[in-house]
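Each step along the sequence shown adds one to the number in this note's numbering, with nothing skipped, and position 450 is 442.
Virtual Cβ for every residue (Gly too), placed ideally from N, Cα, C.
Taking it in order: structure first as structure tokens, then the write-up.
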Amino acid sequence: MSQPNSVIQDKKTDKELYEYQQGAINQIFEKFDNAPEDYHLLYQLPTGGGKTVIFSEMVRQYLKNHNKKVLVMTHRIELCRQTSEMLTSFGVTNKVVDSKANLDDQADYSCFVAMVETLNNRLNDHKLDISDVGLVIIDEAHYNSFTKLFKFFEKSFILGVTATPLSSNKELPMKGNYSELITGETIENLIENEFLARCETYAYDMGLTSLEVGSNGDYTVKSSEDLYTSPAMLQKTVDAYKKHALNKKTLIFNNGINTSISVYYAFRQAGLPIMHLDNTATKKQRKQILDWFHETPNAILTSVSILTTGFDEPTIDTIILNRATKSLTLYYQMIGRGSRILNNKSKFTVIDLGNNLYRFGPWGADLDWQLIFRSPNWFADRIKSDESIEANFKHELADEIKDEFSKSADTYFDIRQTYKNAVDAGESSKVVLERSIEQHAKICIENSEDVYDALGLAKLLKDDISQRIEIYAKLISKSTGNFLKWLKDDYKKKLNSYLRANFDEKFEEIHGYPPEE
């Protein structure tokens, strides 16, 4: 295997660092040594690249060479504990500042690990002495909850670390809080050198124009749950799992607790081994569920967003994105949960049921993080809308009925192009459905011996008819439920009438001989 320019050494044992990790530390310390004491530096490294290892070694070296203290900030209690354990493994004695912490002995410690909200409360109450903190490290720095604390550290060097240097709030770009970005190894380099597994994605064409965008810039839970808890969508999720991930350890991400619970029951009804986890679970329940997930080879775990950060389970083989998101960070975090290598695991599967691949491109694509850091709005404005994504879909017949139409060379009909041609020719929009009915009739007749066969095949086309009608209704800007139902019923009646009136003539046109009596 050819090595990239940044050659990565053999796997580390114990606490030895990889060459790229040591290189990052050297780069960061060079900035630290030459920049002003209040410099704000951002470091990017993909999920699984070892950000916590890098900054733990940095803390160790810093405390060895400087007579000041270090503070590490996280946004979740799980990350707080994991960070504390990692620092301890590097020989750094540290104190966790959580809601129960007794700070009477704080003078005995030179390193603190704190959750952002708890730290904010302790600092506002003057319970924690930070006068001699020289280095502040912020994990998952793209979250904006940290920025309110910057006022307390006007004389400290601040290092933010993240896999995706793109703010969670479009109005608060990261370039407003950090002076510079240093980028680490790319996902592709980490895959090539066997530090991450390669991703194989199966993307389904999803109709998402019913989703609404909330004040946070992402799809609302309510509109997502309306779509993803429908019987048809739940069946699609189960079918996609069976087709691409049967008996593989699978983690499913949903937007909303009700969706996750609905998925749980749908998979259970299908006889599949599944559990559900959300943020209402107790610590004991969470541990039991995650232990079961770890120990069960074909386990399926359905959840909401709580396992996107601070959750490391290398045995995961498949990620199902049973949701859409407009957040590049969330997209990368969800998929990153499957990227950890283990023994002979070199690849993992992603099933995308939210058009996320079409929106952001493949996970691990060569993104220009420097450009995204400098011009986040430029990047955000180029993310494709649902309308433009769906305009490129080519709706084919469902797999389960394709065989019934095997004698037809082409079963596809382009409603959008037919509509455009009609408008350009000054024709009524009604001709679009007339031509669609003729094409549906044609493929029914091509695969039939008599009119009764053709009418039977027409019944199988109900989903295809629905898709065509929904596209047509959007084109003519009429999409009320009653109107759609009327259009679909009217279409089916007209298709049946057309077949009865024209079967013999069209059969002879197609085959060159009349149907048998």
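query, result
"Delimiting residues of the alpha helix (DSSP H) encompassing S458", "454 to 467"
"Reduced DSSP category for A106 - H, G, I as helix; E, B as strand; rest coil", "strand"
"For F352, the nearest candidate out of S400, D373, A258 (CA to CA)", "D373"
"Own chain partners of V108 with C-beta closer than 6 angstroms, once the 5 adjacent residues on each side are dropped", "M65, H67, S137, F138"
"Identified DSSP bridge partners for L243", "L293, I311"
"Outcome for R329 when other beta-carbon atoms lying within 10 angstroms are tallied against a minimum of 16", "buried"
"For L127, three-class secondary structure by DSSP", "strand"
"Distance, L200 Cα to L164 Cα", "28 angstroms"
"Local conformation of A195 per DSSP, three classes", "strand"
"Alpha-carbon to alpha-carbon, V230 and Q261", "10 angstroms"
"Proximity of A106 and I333 at Cβ, strictly below 7 angstroms", "no"
"Contact between the segment 111 to 124 and the segment 84 to 102 (3+ Cβ pairs under 8 angstroms)", "yes"
"Limits of the alpha helix (DSSP H) - the one that K422 falls within", "422 to 438"
"Close-in-space but distant-in-sequence residues of the same chain around P265 (CB under 7 angstroms, 5 per side omitted)", "T288, N290, A291, I292"
"Assigned secondary structure, E172 (DSSP; H/G/I helix, E/B strand, else coil)", "strand"
"Same chain only: Cβ atoms within 6 angstroms of S123, ignoring 5 sequence neighbours per side", "none"
"Assigned secondary structure, K60 (DSSP; H/G/I helix, E/B strand, else coil)", "coil"
"Which of helix, strand or coil DSSP assigns to G448", "helix"
"Within 7 angstroms, strictly: CB atoms of R408 and S428", "no"
"Under 7 angstroms between C-beta atoms of E491 and A433", "The amino acid occupying residue 491 in the given sequence is Leu; Glu does not appear at that position. In this structure, A433 lies closer than 7 angstroms to L491 by Cβ."
"H503, buried or exposed, once every other Cβ within 10 Å from all chains shown has been counted against 16", "exposed"
"Rounded separation between D391 and A446 - CA only", "19 angstroms"
"Environment of N(-3) [buried if 16+ CB atoms lie within 10 Å]", "Because the pLDDT of N(-3) is 36, which lies under 50, any placement of that residue in the model is unreliable, and the number read from its coordinates should be weighed accordingly. Exposed, because fewer than 16 other Cβ atoms sit within 10 Å of the Cβ of N(-3)."
"Contacts around Q431, its chain only, beta-carbon distance under 7 angstroms, and the 5 residues preceding and following it disregarded", "F405"
"With 16 other Cβ atoms within 10 Å as the buried cut-off, status of W361", "buried"
"Counterpart residues of T66 in DSSP-defined beta bridges", "M107"
"Opposing strand residues paired with Q36 [DSSP bridges]", "T154, T175"
"C-beta contact flag for H32 and Y170 at 7 angstroms", "yes"
"Beta-carbon proximity check, L215 vs E204, cutoff 7 angstroms", "A small correction: the amino acid at residue 215 is Ser; Leu does not occupy that position in the sequence shown. Yes. Within cutoff."
"Cβ neighbour criterion (16 or more within 10 Å) applied to G263", "exposed"
"Short Cβ contact (7 angstroms threshold) for Y411 with V424", "yes"
"Beta-ladder partner(s) of K276, from DSSP", "Answer by DSSP bridge pairing: none, since K276 is not bridged."
"Same chain only: Cβ atoms within 7 angstroms of M551, ignoring 5 sequence neighbours per side", "Given a span of -7 to 509 for the chain in the structure shown, any question on residue 551 remains unanswerable."
"V255, enclosing alpha helix (DSSP H) - first and last residue", "249 to 261"
"C-beta atoms of D30 and E146 nearer than 7 angstroms", "yes"
"From P38, L467, F47, residue whose alpha carbon lies closest to that of L9", "F47"
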